[in-house]
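In what follows, a single structure is set out as C-alpha cells and then discussed.
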Amino acid sequence: MRAALLFSLVSTVAFAEEVDLNAKQVELLRAEVASDVQLQAAELIDELVYGWTKESPFDVDTGVVLAGVSVPVSLGTGLEAYLENHVAGLVVKNPKTHVQFVHCPACSAWVVHSGAKGTVVTRGYDDPEALAQAGISSGAKHALFLDFEAEGASLVLRARITTLEPSLRIVSARTLSTATSTPAMLRDGAKLTSVAEARKEYLDALGGRGLFLVPVRVGIRNYASGTQSTTNATPFLWVSAGFEAAFTQARAWTASLNAAFSWLPQSHVAVMAQGRISRLLTGSATSLTWPDLYAFVGAGVLFGQGRGMLIFRTSQNPTIDEILNTSTNNEPRSTLGILTIGAELRVKNRISLIAFLETLPALENEDNIGTYVTIPLINLRFQSFGVEVSFCF
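Take 17 as the starting number for the sequence shown in our numbering and just add one per residue.
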C-alpha cells in the first residue's frame, strides 16, 4: 500500500512539472507571436495615417476623440496601450491629416442608463445621450474607433470615424489587412511614406554604403619557441592602419593594404607592409543584423632593427651583415617576407576580431623560432600566431 501511494505521489509531481514546463513553453511562444503581431499592428496604423496624409477625412483641423482600440483577447491590454500611444504619436507628427485628438473624460467614463426595459452600463461613447453631451463638453464632434482582428494568417484593422451624436454617423471608414508573414516596414513616424517609398529608402540606404573603409588595428604576434631557445620569444605588439575596398555592395570579396608599426624599448623598432584578400563565408552578402565571418590570405614584408630582431636570424651562423653591425656597434637588422592565413569576425563593418597564422619562408632552421602548425604535403610551417582587434571608419 505504501509503495502504491509513493508511486502515485511521484507520478503526480512529475505530471505537475511537465504541465508547468509546457505552460512556460506556451507562454514563450505566445510572447513571440504577440511581438510579431505588435509590429504588424503598428504597420497597419502607419498605413492608415499615411492614407490620411494623402486624403484627409476632414478639410480643416478637426477635434477627434480616440474612442477605443480593441485587439484580440489573447494579446491583452498591453498591446492596446502600445497602439494608443503609437496612433497618438503619428497624428501629432503628421498635421496634414487634419485630425487632432482631444481629451474627453465623459467618453471613457462608465455610464449607467436605466429605463423601463432595464439598466444598461456602457462607456460614454456607446450611449447616445452621453455622446451628445460629451461632444459639447469636449469640443469634439467625432470619435475614432480602431478594431484589430486576427483572421486566419492575417491581421485586420477596421478604422471608423463617426459623429459624436446618437446616430453615430460614419464619416470615414477603412479596412486594412496584412499577412503576419509580411515583415513590417518600420517607417519613421515623423515622415510617413508609402510601402513602396519606404522599401526604396531601405534599398537606397543599402546601396549608399561606401565601398571603402579605413581599418585601424591593434594586435599581437607571438612566435613559437625554437629548439635552441631557453625562453619564449617576446611577443610583438603592432598598431596598423590602412585602406580596404570591397568589390561589390555585397562585400563578399574585399582587399586591403595596411602599414603597421611595432616598438618595444631596448628590444626593437619594426615596420611592416601587408596586403590581404578576404572572402565572406556566412552568405553571399554581409548581414545587417548578424556578425559576418571572413577568411583571408595575405602577404607582407617586415623590416626591423634592435636586439629583439635576433630571433629572425636565417641561420645559426652569423652573416657578414651581422658581423659588420657588431663591429660598428650598430643594432641588428632583419628584413623578412610574410605569408598569412586567418579568419575575421566582423560586426556591421565597424568592429572585428581577427585571428591568423603566419609563415616566414626565409627561416630555414628552427633554432630561434619553432613551429605551431605544419602542412606536411607542401612542408609549409607556420611559426607565428596572432590576434587583432579592428575598428573600421
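We treat Cβ as the ideally placed atom computed from N, Cα and C, and that holds for glycine.
These numbers were taken from a predicted model, which means no experiment stands behind them.
- Pairing G168 with V118 gives a Cβ-Cβ distance that is not under 9 Å.
- With a contact defined as Cβ atoms closer than 8 Å, T178 and L184 qualify at about 5 Å.
- For L208, the closest C-alpha among the options V89, V107 and L227 is that of V107.
- When the beta-carbon positions are compared, S241 and I385 come within less than 9 Å of each other.
- Its Cα nearest to that of A276, the residue E404 stands out among E404, N101, I327 and V128.
- Per DSSP, reduced to three states, the secondary structure at R362 is strand.
- Apart from the 5 residues on each side of it in sequence, F409 sits with its Cβ closer than 6 Å to the Cβ of V230 in its chain, given in chain order.
- For P231, the enclosing beta strand (DSSP E) stretches over residues P231 to Y239.
- For the pair W68 and A104, the Cα-to-Cα distance works out to about 14 Å.
- Look at Q321 here: in three-state DSSP terms it is strand.
- Of A378, G402 and R295, the smallest CA-CA separation from Y388 is found for G402.
- Residue state for V87 is assigned as coil, using DSSP reduced to three classes.
- Rounded to the nearest whole angstrom, the CA to CA distance from L309 to F161 is 49 Å.
- Counting of Cβ neighbours within 10 angstroms places V115 among the buried residues, the total reaching 16 or more.
- In the DSSP secondary-structure assignment, S406 is bridged to R233 and S368.
- Residues of the same chain with a CB within less than 6 Å of the CB of R174, apart from the 5 flanking positions on each side, are D163 and T191 in chain order.
- When the five nearest sequence neighbours on each side are left out, the beta carbons in the same chain lying within less than 6 Å of the beta carbon of R237 are those of F252, S400 and G402, in order along the chain.
- Taking the CA atoms as reference points, F398 sits about 32 Å from A266.
- Take the alpha-carbon of R362 and the one of T264: they are about 17 Å apart.
- Under the DSSP assignment, V255 falls in the beta strand (DSSP E) whose first and last residues are F252 to A262.
- Runs of the beta strand (DSSP E) lying entirely within the region 369-397 and spanning at least 3 residues, in chain order: 389-391.
- A271 places its beta carbon less than 9 Å from that of G291.
- Taking every protein chain shown into account, the CB of W306 has fewer than 16 other CB atoms within 10 angstroms, so this residue is exposed.
- The bridge partners DSSP lists for L280 are H284.
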